[in-house]
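Note that my numbering has the sequence shown beginning at -19, numbered continuously upward. Worksheet: the structure to be examined is printed underneath.
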Amino acid sequence: MRNPVTFIVGLIILVIFGSISFFFQVRQNEVAFLTTFGKASDEVVKPGLRFKLPWPIQKVHRFDARLQNFEGKFEQTQTQDGRNLMVLVYVGWRIVEPQKFHRSFPAGEEDAKRNLESLIRSAKNAAVGRHPFSHFINTDAAQLKFDDIEKEMLEQVAGTAKEKFGMEVKLLGIKRLGFPESVTQKVFDRMKEERQRLVKQFEGEGEREASIIRSEADRKRNELLAKAEADATELRGKAEAEAAKAYKTLEQNPGLAVFLQKLASMEQVSKERATLVLDQNTPPFDLLRATNAPQLRPAGKP
């Protein structure tokens, strides 16, 4: 009779071996498919614990379904207007059709990266060749077309990668731009000339604005001066008219004129406190005598 312990251990081993042979697990970050006698099924296996027939009947093929990054080479290409430009492109991709990916790259992901690099190079050369140099390098930000160029490359790469290789290209962008050493100095000189042209343009616009402001200021100044001169002329005319009127009155009454003159003199002398000893007959102090008051005549009478 067999040992019960040996029997239980053997049963456990058999169950474990059967589980390994008949069940498999696909993780959340994986994508998989089954082959039956070497023929791939069309169904993509979803994550979780799944049933399969033991090998060699069925075999599980697993792939990493996470987004992977890849960069092309920093290579020289030519713009639409014949300028040489160095461009480095990056992509983010993942496997969405594992059967197609497996058929295309039986050697694995390294072979896939080599083919993806070829796709990137072709799309990059085509997209750059459709745009002038000014869409890549320009002092005017409105002239830059990075978004359009990246979109063109993404459409070309994504369509071919999905159709031929079962790869989904999620993103694509230009990581780096450069110039061949032979043209770097020419590019800098051209950028400098462009800056100088803008400086002269801004200076010219500033000078025009300054000229307009100066002209407007001169016009307003002349208007104010003319108005002030007119007001001054009007005031002088009124003053001269009043003076002429006063002179006419004094001419008609000379005694009044002498009297007023003596009063003005007395006012000037008596402004400061002082003690004067003078003859009362000395003008203008003769006004202090009551008998010396002028005989005023109405204006217009002799």
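For glycine and all other residues, C-beta sits at the position ideal for the given N, C-alpha and C. If you're wondering where the values come from, they're calculated on a predicted model, not measured in any experiment.
Residue environment, residue i, which counts as buried when at least 16 other CB atoms sit within 10 Å
| i | result |
| --- | --- |
| R194 | exposed |
| K104 | buried |
| M(-19) | The predicted position of M(-19) is uncertain, since its pLDDT is 45 and thus under 50; a value taken from the coordinates is nonetheless stated next. By the neighbour-count rule (16 or more Cβ atoms within 10 Å), M(-19) is not buried but exposed. |
| E77 | buried |
| I37 | exposed |
| T59 | buried |
| R201 | exposed |
| A45 | buried |
| L14 | buried |
| A87 | exposed |
| L134 | buried |
| V108 | buried |
| A141 | buried |
| A300 | What is shown of the chain runs -19 to 282, which leaves residue 300 out entirely. |
| I192 | exposed |
| Q43 | Per the sequence shown, the amino acid found at residue 43 is Phe instead of Gln. Its Cβ being crowded by 16 or more others within 10 Å, F43 is buried. |
| F85 | buried |
| F168 | exposed |
| F116 | buried |
| A106 | exposed |
| A12 | buried |
| A210 | exposed |
| L47 | exposed |
| A92 | buried |
| L215 | exposed |
| L96 | buried |
| E90 | exposed |
Other residues of its chain near residue i: CB distance less than 6 Å, five sequence neighbours each side excluded
| i | result |
| --- | --- |
| K131 | none |
| K26 | none |
| Q288 | Given a span of -19 to 282 for the chain in the structure shown, any question on residue 288 remains unanswerable. |
| M5 | In the sequence on display, residue 5 carries Gln and not Met. Within the same chain, Q5 has close Cβ partners L29. |
| N49 | G72 |
Nonlocal neighbours in the same chain, by C-beta distance under 7 Å from residue i, ignoring five residues either side
| i | result |
| --- | --- |
| I100 | G52, V69, V71, V137 |
| R170 | none |
| E148 | W73, R74, V76, K142 |
Close-in-space but distant-in-sequence residues of the same chain around residue i (CB under 8 Å, 5 per side omitted)
| i | result |
| --- | --- |
| F3 | L29, R30, F31, K32 |
| K155 | E51, L68, V69, Y70 |
| R7 | P27 |
| T119 | M171, E174, R175, L178 |
Near the ligand ZN: residue i beta-carbon under 7 Å from a heavy atom
| i | result |
| --- | --- |
| M171 | No copy of the ligand ZN occurs in the structure displayed, which carries no ligand at all. |
For residue i, the first and last residue of its enclosing alpha helix (DSSP H)
| i | result |
| --- | --- |
| H111 | Looking at the DSSP string, H111 is not in any alpha helix (DSSP H), and its letter there is neither H nor E. |
| R46 | Looking at the DSSP string, R46 is not in any alpha helix (DSSP H), and its letter there is neither H nor E. |
| F4 | From DSSP, F4 is part of no alpha helix (DSSP H) but of the beta strand (DSSP E) over 3 to 6. |
| I129 | 126 to 140 |
| F81 | 78 to 84 |
Residue i, enclosing beta strand (DSSP E) - first and last residue
| i | result |
| --- | --- |
| L151 | 147 to 158 |
| I75 | 64 to 75 |
| A12 | 10 to 16 |
| Q56 | 55 to 58 |
Residue of the options minimising C-alpha distance to residue i
| i | options | result |
| --- | --- | --- |
| G146 | V179, G184, K80, G18 | K80 |
| P112 | V40, A212, D128 | D128 |
| Q56 | A224, L157, Q8 | L157 |
| L152 | G139, I117, E185, A223 | G139 |
| G62 | A122, R110, V149 | R110 |
| K144 | R188, E185, I75 | I75 |
| V40 | F54, N49, E23 | E23 |
| K19 | F54, N64, R83 | R83 |
| E161 | T16, N49, N64, E10 | N64 |
| F159 | K207, F54, E220, E203 | F54 |
is_contact[residue i, chain C] using C-beta, thresh 8 Å
| i | result |
| --- | --- |
| P27 | In the structure shown, chain C does not exist; there is a single protein chain. |
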